[in-house]
Each structure stands twice: as C-alpha cells, then as structure tokens.
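K.L.:
For what it's worth, the working numbering labels the leading residue of the sequence shown as 1, then goes sequentially. No residue lacks a Cβ here, since even glycine has one placed at the ideal position from N, Cα and C.
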Amino acid sequence: MKKKLMVGLLTVVACFTLGSTSFAASVPSTSISSLPESTQVVPYAQKYITWQTILPKSQFPTLGDIPMTSYNVDPYRGQLTLQSVDGQTGYTWTVTYGGYVTY
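#1: When the distance is taken between beta carbons, is Q46 closer than 9 Å to V85?
#2: Compute the Euclidean distance between the alpha carbons of W51 and Y44, then round it to the nearest angstrom.
#3: Which first and last residues belong to the beta strand (DSSP E) in which K47 is found?
#4: Reducing DSSP to helix, strand and coil, say where G78 ends up.
#5: For the beta strand (DSSP E) that G98 lies in, which residues bound it at each end?
#6: Who does T69 pair with in a DSSP beta bridge?
#7: Of all the options Y97, G98 and T92, which has the alpha carbon lying nearest to the alpha carbon of I54?
#8: So, for T69: in the same chain, excluding its five sequence neighbours on each side, which residues have a beta-carbon less than 7 Å away from its beta-carbon?
#9: Alpha carbon to alpha carbon, how far is V95 from T62?
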C-alpha cells in the first residue's frame with residue numbers, strides 16, 4: 001500500500017514538473033545588431049578642466065559682472081564656473097574657470 005502511494009505521488013510530481021517547464025515562456029532572442037541605432041548604448045564620458053582667459057575691465061568693470069562661461073570644444077561641452085580672478089593690470093582681469101564637461 002505504501003509503495004503504491006509513493007509511486008502515485010512521484011508520478012504526480014513528475015507530471016507537474018514536466019507540465020510547468022513546458023508552459024514556461026520562451027525568451028525572445030534579439031541580437032544587438034538588429035536594434036536601431038538610437039537604442040545603442042554609448043559610454044558616458046566626462047572630464048574636469050580648468051581654463052584661463054583674460055577679460056577687459058572695460059566690458060566687466062566689477063567682479064559681479066564676470067559671467068560663467070560655456071565650454072564648447074569638440075567633442076566636449078559644458079558650463080564652467082568662475083574659480084579665481086586676479087587683477088593682472090589696471091585694464092584686464094585674469095580669470096580662471098573650472099568644471100566638468102561631458103562628451
């Protein structure tokens with residue numbers, strides 16, 4: 001009796017196991033070469049730069065007049081903030097900008 005019950009339970013378990021694997025959804029295979037170019041993954045690149053320039057005091061008479069600047073040297077772009085200002089002469093500012101630019 002125990003043997004028949006054990007064989008019956010094993011049969012039921014085997015049927016459930018086979019049935020559950022046969023009903024599982026298959027995973028669609030998609031190669032990356034078949035995706036449109038707009039969905040391709042590209043690495044994100046950035047770097048920290050400092051940039052120094054000389055500005056005329058006639059256009060920027062006070063420190064508050066000196067603006068942030070845009071950095072646009074291919075392929076990097078970004079906004080640079082003012083780091084330091086030195087009064088080189090009575091007529092010019094030596095300005096140092098710095099910040100992260102992205103590719």
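P.N.:
Let me lay it out:
#1: Counting from one through the sequence shown, the residue named residue 85 turns up at place 85. Counting from one through the sequence shown, the residue named residue 46 turns up at place 46. Inclusion of V85 and Q46 in the CB contact set at 9 Å is not warranted, their separation being larger than that value.
#2: The residue given as residue 51 occupies position 51 in the sequence shown. The residue given as residue 44 occupies position 44 in the sequence shown. Roughly 22 Å between the two C-alpha positions.
#3: For the purposes of this step, residue 47 is taken as the residue at position 47 of the sequence shown. Where K47 is concerned, the enclosing beta strand (DSSP E) stretches over Q46 to P56.
#4: One-based indexing of the sequence shown puts residue 78 at position 78. In the three-state reduction of the DSSP assignment, G78 falls in the strand class.
#5: Residue 98 sits at position 98 when you count from the first residue of the sequence shown. Annotation for G98: the continuous beta strand (DSSP E) segment containing it runs T92 to T102.
#6: By 1-based counting over the sequence shown, the position of residue 69 is 69. DSSP lists L80 as the bridge partner or partners of T69.
#7: Taking the first residue of the sequence shown as 1, we reach residue 54 at position 54. Looking at the Cα atoms, T92 is the closest of the given residues.
#8: Taking the first residue of the sequence shown as position 1, residue 69 is located at position 69. Excluding sequence positions up to five before and after T69, its CB lies within less than 7 Å of the CB of L80 and Y97, all in the same chain and listed in chain order.
#9: Taking the first residue of the sequence shown as 1, we reach residue 95 at position 95. Taking the first residue of the sequence shown as 1, we reach residue 62 at position 62. Their Cα atoms are separated by approximately 13 Å.
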